[in-house]
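The sequence shown begins at -1 in the working numbering and counts up one residue at a time. A quick write-up on the structure given underneath.
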Amino acid sequence: MWSHRAFKAITPLKIVLLIGQTIAGQNCLWVWVRDHRQHHRHSDTHGDPHNASNGFFFSHIGWLMSKKHPEVIAKGKLIDMSDLEADPWVMFQKDHYKKLYFLFAFLVPVLVPIVCWDETVFNSVMVAFFARAIITINGTWMVNSWAHKFGTRPFTRDILPTDTHLVALIALGEGWHNYHHTFPWDYRAAEAGSPLNLTRRLIEGMAAWGWVYDLKAATPGMVKARVLAKGDGSHPLWGHSTFEEFQQHENR
């Protein structure tokens, strides 16, 4: 919603999503969106914060353990963030991120087991904070690493992002990454009918309740044309066709 403007949401849901993003512990939303927009604009080049061309380890976690490439700093200053800067809720989270993170990502998750079922402080901290953070963050990082190396490229063959069932399972639908880089503004982040896409189902459920609206999605015709023109031949329906055959069929 914030990175690609794929849909809009009512204010109460925005607040809930901001709290969830805070719990995820991946920096404030403003920084996350800037990095993600930069990743798409300069994907797998020196201007990409987690450039997969530098190897699996770098794109997974190494980019957070090293100084930013000068191109990352230079290109990051050019990313338009005016839409987020006009959102008071986003900027409130940005200004108070550390306090909000301590409250929602550490204090509340740790206190609930202690208060509700007499868990020890040590166990609660180790499981409800450290284990949860390590598991969820590494699952998210697989989108930057595994899904830029292993898998198929049915929609755009000359980029690193791939479609992979494994990451789609772990990241609740975010593993159809070749599609996402081809149509980044599509709210589904995957082709219609792709399995393991619980995030898409959640968004559609919220749309049915009127909580989100103005959903954007690529049409089947757009998807087919792209597969035939730029795909690697792995698409289950049109992968073995050619763009010339598609054009001939359309002209008949």
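Yeah, the Cβ is synthetic: ideal placement off N, Cα and C, and Gly gets one too.
Let's test the definition: count the other Cβ atoms within 10 Å of the Cβ of residue i and tell me whether it reaches 16, buried, or not, exposed.
{"i": "threonine 162", "result": "buried"}
{"i": "cysteine 114", "result": "exposed"}
{"i": "histidine 175", "result": "buried"}
{"i": "serine 57", "result": "buried"}
{"i": "isoleucine 201", "result": "buried"}
{"i": "threonine 217", "result": "exposed"}
{"i": "histidine 40", "result": "buried"}
{"i": "valine 14", "result": "exposed"}
{"i": "threonine 9", "result": "exposed"}
{"i": "glutamate 310", "result": "The structure shown does not extend to residue 310, since the chain is modelled only from -1 through 250, so no value can be given for it."}
{"i": "aspartate 33", "result": "buried"}
{"i": "leucine 158", "result": "buried"}
{"i": "alanine 4", "result": "buried"}
{"i": "tryptophan 207", "result": "exposed"}
{"i": "tyrosine 211", "result": "exposed"}
Per the DSSP calculation, residue i is bridged to which residue(s)?
{"i": "tryptophan 174", "result": "Asp161"}
{"i": "lysine 6", "result": "Tyr211"}
For a test of the three-state rule: what should DSSP assign to residue i, helix, strand or coil?
{"i": "threonine 43", "result": "coil"}
{"i": "threonine 154", "result": "coil"}
{"i": "threonine 180", "result": "helix"}
{"i": "aspartate 85", "result": "coil"}
{"i": "lysine 147", "result": "coil"}
{"i": "cysteine 26", "result": "coil"}
{"i": "leucine 76", "result": "coil"}
{"i": "asparagine 49", "result": "coil"}
{"i": "aspartate 116", "result": "coil"}
{"i": "lysine 92", "result": "helix"}
{"i": "threonine -1", "result": "With the sequence shown as reference, residue -1 is identified as methionine, and threonine is not the correct amino acid for it. Residue state, collapsed to three classes: coil."}
{"i": "phenylalanine 244", "result": "Because phenylalanine 244 carries a pLDDT of 49, less than 50, the predicted location of this residue cannot be relied on, and the following value inherits that uncertainty. Helix, per DSSP."}
{"i": "arginine 186", "result": "coil"}
{"i": "alanine 131", "result": "helix"}
{"i": "alanine 216", "result": "coil"}
{"i": "methionine 140", "result": "helix"}
{"i": "histidine 233", "result": "coil"}
{"i": "histidine 34", "result": "helix"}
{"i": "methionine 63", "result": "coil"}
Could you round the C-beta distance between residue i and residue j to whole angstroms and report it? I think they count as a contact, below 8 angstroms.
{"i": "valine 141", "j": "alanine 103", "result": "In fact, because the Cβ distance is near 20 angstroms, the residues do not count as touching under 8 angstroms."}
{"i": "glycine 229", "j": "arginine 151", "result": "7 angstroms"}
{"i": "tryptophan 139", "j": "leucine 164", "result": "Wrong, their Cβ atoms sit about 13 angstroms apart, outside the cutoff."}
{"i": "threonine 180", "j": "phenylalanine 153", "result": "4 angstroms"}
{"i": "proline 182", "j": "histidine 38", "result": "5 angstroms"}
{"i": "alanine 22", "j": "threonine 197", "result": "Actually they do not touch by this definition, with Cβ atoms about 13 angstroms apart."}
{"i": "proline 107", "j": "phenylalanine 127", "result": "6 angstroms"}
{"i": "lysine 12", "j": "tryptophan 87", "result": "6 angstroms"}
Would you be able to state if there are at least three C-beta pairs under 8 angstroms between the segment 56 to 71 and the segment 184 to 193? no
Between the segment 49 to 57 and the segment 9 to 23, can you find at least three pairs of beta-carbon atoms closer than 8 angstroms? no
Between the segment 37 to 50 and the segment 58 to 68, do at least 3 Cβ pairs fall closer than 8 angstroms? yes
Touch test, the segment 25 to 33 against the segment 113 to 132, Cβ-Cβ under 8 angstroms, three pairs minimum: no
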